[in-house]
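This report refers to the structure that appears directly beneath it.
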Amino acid sequence: MSRLPTILNATEQDLQMLLAAQCHLGTKNVTERMKPYVHKTRADGINIINIGKTWEKLIFAARVIANIENSQDICVISARPYGHRAALKFAKYIGAEAVVGRFTPGTFTNYITRSFREPRLIITTDPRSDFQAIKEASYVNIPVIAFCDTDSPLQFVDVAIPTNNKAKHAIGLAYWLLARAVLRLRGTLDYDTPWDVMVDMFFYRDPEEAEKEAAAAAAGLEGKEGEVTGEWGGAAEADWALEGAAAEGAAGIAPVATEWNAQASSDWADDGAVGSTSWADATPANNNPGASSWD
Amino acid sequence: MADTAPADRRGGFGRGRGRGGRGRGRGRRGDEKTEWVPVTKLGRLVKAGKIKNMEEIYTFSLPVKEYQIVDYFLPSLKDEVMKIMPVQKQTRAGQRTRFKAFVVIGDSDGHVGLGVKCSKEVATAIRGAIILAKLSVIPVRRGYWGTALGEPHTVPCKVTGKCGSAMCRLIPAPKGTGLVAAPTPKKVLQLAGITDCYTTSRGSTRTLGNFVKATFAAIGNTYGFLTPDLWSETEFTKAPFQEHTDFLAVKQRK
Numbered sequence: 001m002s003r004l005p006t007i008l009n010a011t012e013q014d015l016q017m018l019l020a021a022q023c024h025l026g027t028k029n030v031t032e033r034m035k036p037y038v039h040k041t042r043a044d045g046i047n048i049i050n051i052g053k054t055w056e057k058l059i060f061a062a063r064v065i066a067n068i069e070n071s072q073d074i075c076v077i078s079a080r081p082y083g084h085r086a087a088l089k090f091a092k093y094i095g096a097e098a099v100v101g102r103f104t105p106g107t108f109t110n111y112i113t114r115s116f117r118e119p120r121l122i123i124t125t126d127p128r129s130d131f132q133a134i135k136e137a138s139y140v141n142i143p144v145i146a147f148c149d150t151d152s153p154l155q156f157v158d159v160a161i162p163t164n165n166k167a168k169h170a171i172g173l174a175y176w177l178l179a180r181a182v183l184r185l186r187g188t189l190d191y192d193t194p195w196d197v198m199v200d201m202f203f204y205r206d207p208e209e210a211e212k213e214a215a216a217a218a219a220g221l222e223g224k225e226g227e228v229t230g231e232w233g234g235a236a237e238a239d240w241a242l243e244g245a246a247a248e249g250a251a252g253i254a255p256v257a258t259e260w261n262a263q264a265s266s267d268w269a270d271d272g273a274v275g276s277t278s279w280a281d282a283t284p285a286n287n288n289p290g291a292s293s294w295d
Numbered sequence: 296m297a298d299t300a301p302a303d304r305r306g307g308f309g310r311g312r313g314r315g316g317r318g319r320g321r322g323r324r325g326d327e328k329t330e331w332v333p334v335t336k337l338g339r340l341v342k343a344g345k346i347k348n349m350e351e352i353y354t355f356s357l358p359v360k361e362y363q364i365v366d367y368f369l370p371s372l373k374d375e376v377m378k379i380m381p382v383q384k385q386t387r388a389g390q391r392t393r394f395k396a397f398v399v400i401g402d403s404d405g406h407v408g409l410g411v412k413c414s415k416e417v418a419t420a421i422r423g424a425i426i427l428a429k430l431s432v433i434p435v436r437r438g439y440w441g442t443a444l445g446e447p448h449t450v451p452c453k454v455t456g457k458c459g460s461a462m463c464r465l466i467p468a469p470k471g472t473g474l475v476a477a478p479t480p481k482k483v484l485q486l487a488g489i490t491d492c493y494t495t496s497r498g499s500t501r502t503l504g505n506f507v508k509a510t511f512a513a514i515g516n517t518y519g520f521l522t523p524d525l526w527s528e529t530e531f532t533k534a535p536f537q538e539h540t541d542f543l544a545v546k547q548r549k
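As you go down the protein sequences, you meet chains U and E in turn.
The letter at position 95 of the first sequence is residue 95 when you use the numbering used here, and the numbering goes up by one with no holes.
Every number in the numbering used here is 295 more than the matching position in the second sequence, counting from 1.
Pasting the structure below:
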């Protein structure tokens with residue numbers, strides 16, 4: 001569509017990630033305004049989103065976000081649990097504020113509410129479930145960026161990023177890509193080095209899974225870790241494999257299985273509430289690049 | 296439902312005791328002059344003097360939530376209580392009466408506001424309505440009937456406003472005509488700063504609430520009308536929140 005510098009093009013790896021996370025799979029319904037983003041309807045009724053357009057809108061949104069001088073004026077919103085973690089991580093890395101869970105009506109319009117804030121831009125995970133935020137933004141001159149599925153209403157949405165917003169990997173990846181794009185545009189990251197923050201940080205974790213990890217960490221046994229990580233790792237292995245395809249930096253898949261497991265676990269440790277000291281000891285002195293990047 | 300403002304004394308409900316009738320809101324101002332602590336971004340910018348006049352606020356359609364902003368720019372606003380209307384609700388123990396106050400505020404030079412507030416006491420209702428009127432202040436575009444000589448004195452073109460069934464139409468009039476209107480819209484037009492105007496109305500103009508809202512809407516439409524002299528391209532300027540983003544970033548309470 002618009003002519004952008006080639007450095008902003010999607011790399012092979014990016015596109016593979018999008019496909020692996022199933023960002024291209026829409027729903028059986030399509031809204032009128034989302035029709036331009038649909039590539040084709042599959043035999044079973046699922047609409048396939050045009051990933052090229054996903055990337056374009058993603059970069060467009062990143063440019064909008066990067067243009068806001070004070071990043072605290074940006075608000076990331078997610079009512080649905082699948083988007084909570086992604087929104088929070090995004091906010092953390094960009095420097096924005098996150099409103100997660102129930103969006104108190106009046107947050108933008110009622111200056112008396114405790115959660116009153118006046119952002120200059122909001123980013124939402126789903127126009128349908130975050131409708132309250134979008135409605136209030138319309139009262140107060142706030143532009144809206146939203147991750148939209150094929151069945152999303154685009155009323156009051158200013159920048160729609162077409163993607164699957166039902167699957168947890170898709171949501172996580174979309175936010176991760178957006179965050180990375182913004183940081184690259186700002187100059188914090190450069191385009192050659194892969195981002196040392198892993199996509200997995202943006203994925204939603206089931207509470208039971210999180211508990212299990214915490215328990216495993218507390219136990220501090222290598223065997224146990226291996227068991228837990230293997231389970232979780234299996235699901236995300238596809239992403240890992242693709243990420244590591246370029247085979248560089250922290251996210252690179254080391255051929256040694258233990259190193260990989262320890263890496264995965266160490267990520268969680270920092271993320272989870274477990275005291276990292278026990279982890280530091282428990283983790284073999286592999287000098288995991290992953291672990292160090294986290295500290 | 297228009298709930299009473301938090302700082303309301305629980306005067307007994309029921310008939311309007313206390314000072315009855317429509318008090319002239321004029322004397323109400325100049326109460327306890329406590330320092331205004333702005334809560335909204337716009338408020339902070341105004342207090343710091345970063346915004347020059349109301350017109351800047353209008354250009355960017357910024358919603359005004361704090362009435363002190365309007366006071367700051369338009370200190371000479373005069374208010375006019377149009378009507379106090381008792382409204383009732385039926386309860387098991389009889390009727391519960393509240394008073395609805397319609398207040399029009401204006402500086403007779405291009406700004407009008409309309410506020411409607413319902414409250415258990417007349418005085419509270421009037422006070423609340425004045426605040427709401429200030430929040431709803433709108434710019435009025437005036438023009439000429441014929442030759443552009445002297446100051447604009449009438450509406451720039453025929454405009455109309457409607458509320459409910461009440462419709463009010465304003466038509467440009469030559470200088471010296473005065474306001475040819477019913478008493479209700481006449482007051483509104485006076486406070487707006489329109490000196491000459493023909494009017495036509497339709498519908499149930501007896502319902503003052505709707506009639507006043509209709510003329511207010513009509514006056515508001517004066518700036519919504521694209522006349523040939525507005526055909527040139529606008530030079531966009533930075534919005535206040537973007538321009539003063541550094542200033543706003545510093546003052547973070549919490």
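In this text, a Cβ means the ideal position worked out from N, Cα and C, and glycines have one as well.
Nearest to residue i (by Cα), restricted to the options the options
i        : options                                   : result
E/Thr500 : E/Tyr353, E/Gly456 and E/Ala396           : E/Gly456
U/Thr193 : U/Ala10, U/Asp200, U/Arg184 and U/Val100  : U/Arg184
E/Phe511 : E/Lys412, E/Val398, E/Thr522 and E/Glu330 : E/Val398
U/Glu136 : U/Asp126, U/Glu208, U/Thr104 and U/Ala167 : U/Thr104
E/Leu503 : E/Arg339, E/Ala461, E/Gln383 and E/Gly423 : E/Ala461
E/Lys470 : E/Thr442, E/Gln390, E/Phe536 and E/Val483 : E/Thr442
U/Ile74  : U/Phe202, U/Ala133 and U/Leu4             : U/Ala133
E/Glu530 : E/Arg436, E/Thr354, E/Glu330 and E/Thr335 : E/Thr354
E/Glu474 : E/Cys492, E/Lys336 and E/Leu369           : First, the residue type needs correcting, since residue 474 of chain E is Leu and not Glu in the sequence shown. Ranking E/Cys492, E/Lys336 and E/Leu369 by Cα distance to E/Leu474 puts E/Cys492 first.
U/Trp176 : U/Glu211, U/Ala218, U/Ile112 and U/Leu18  : U/Leu18
E/Gly488 : E/Ser371, E/Leu337, E/Val359 and E/Ala388 : E/Ser371
U/Ala10  : U/Pro207, U/Tyr139, U/Lys40 and U/Leu178  : U/Leu178
U/Gly172 : U/Met34, U/Thr6 and U/Phe147              : U/Phe147
E/Lys373 : E/His406, E/Ser527 and E/Arg339           : E/His406
E/Leu521 : E/Ala476, E/Pro451 and E/Thr479           : E/Pro451
E/Thr335 : U/Met34, U/Tyr139, U/Arg3 and U/Ile112    : U/Ile112
U/Pro207 : U/Lys28, U/Ile7 and U/Pro81               : U/Pro81
E/Ser414 : E/Thr494, E/Met380, E/Leu369 and E/Arg437 : E/Met380
E/Arg437 : E/Ser431, E/Lys429 and E/Lys453           : E/Lys453
Residue-chain proximity (residue i, chain E), Cβ-Cβ < 9 Å
i        : result
U/Glu32  : no
U/Thr11  : no
U/Thr104 : no
U/Thr107 : no
U/Tyr111 : yes
Between the CA atoms of residue j and residue i - distance to the nearest angstrom
i        : j        : result
U/Gly26  : U/Pro153 : 14 Å
U/Pro36  : U/Gly95  : 33 Å
U/Gln70  : U/Glu97  : The identity of residue 70 of chain U in the sequence shown is Asn, whereas the question assumes Gln. Near 11 Å, if we compare the C-alpha coordinates of U/Glu97 and U/Asn70.
E/Ala396 : U/Val182 : 51 Å
U/Ala62  : E/Ala509 : 44 Å
E/Ala468 : E/Cys458 : 24 Å
U/Gly187 : U/Ile145 : 22 Å
U/Ala174 : E/Val341 : 39 Å
U/Arg120 : U/Ala216 : 42 Å
U/Asp14  : U/Ile68  : 25 Å
E/Pro535 : E/Ser356 : 11 Å
E/Val435 : E/Gln485 : 12 Å
E/Ile433 : U/Ile142 : 21 Å
E/Val332 : U/Thr150 : 46 Å
E/Asn505 : E/Met377 : 12 Å
U/Pro127 : U/Val157 : 8 Å
E/Val411 : E/Glu375 : 12 Å
E/Trp440 : E/Lys360 : 36 Å
CB contact check: residue i to chain U, cutoff 9 Å
i        : result
E/Glu330 : no
E/Val483 : no
E/Lys336 : yes
E/Glu361 : yes
Members of the segment 117–144 of chain U near chain A, C-beta cut-off 9 Å: This model lacks chain A altogether; the protein chains it does include are U and E.
So if I threshold CB-CB distances at 9 Å, which residues from the segment 346–359 of chain E count as touching chain U? Considering only beta carbons, the part of the segment 346–359 of chain E lying closer than 9 Å to chain U consists of Phe355, Ser356, Leu357 and Pro358, in chain order.
Short of 9 Å Cβ to Cβ, which residues in the segment 522–546 of chain E face chain U? Ala534, Phe536, Gln537, Thr540, Asp541, Leu543 and Ala544
Check each residue of the segment 47–70 of chain U: if its Cβ is closer than 7 Å to any Cβ of chain E, include it; give the result in chain order. Glu69 and Asn70
Below 8 Å, can you find three or more Cβ-Cβ pairs linking the segment 400–407 of chain E to the segment 363–375 of chain E? Using a C-beta cut-off of 8 Å, the segment 400–407 of chain E makes contact with the segment 363–375 of chain E, since at least three inter-stretch Cβ pairs fall below that distance.
Given a limit of 9 Å on CB to CB distance, which residues of the segment 71–86 of chain U reach chain E? Answer in chain order: Gln72 and Asp73.
Does the segment 421–429 of chain E come within contact of the segment 437–451 of chain E, defined as at least 3 CB pairs closer than 8 Å? no
Is it a yes or a no for the segment 191–211 of chain U touching the segment 50–57 of chain U, going by three-plus beta-carbon pairs under 8 Å? Touching, no.
Does the segment 513–523 of chain E come close enough to the segment 379–386 of chain E to have 3 or more Cβ pairs within less than 8 Å? no
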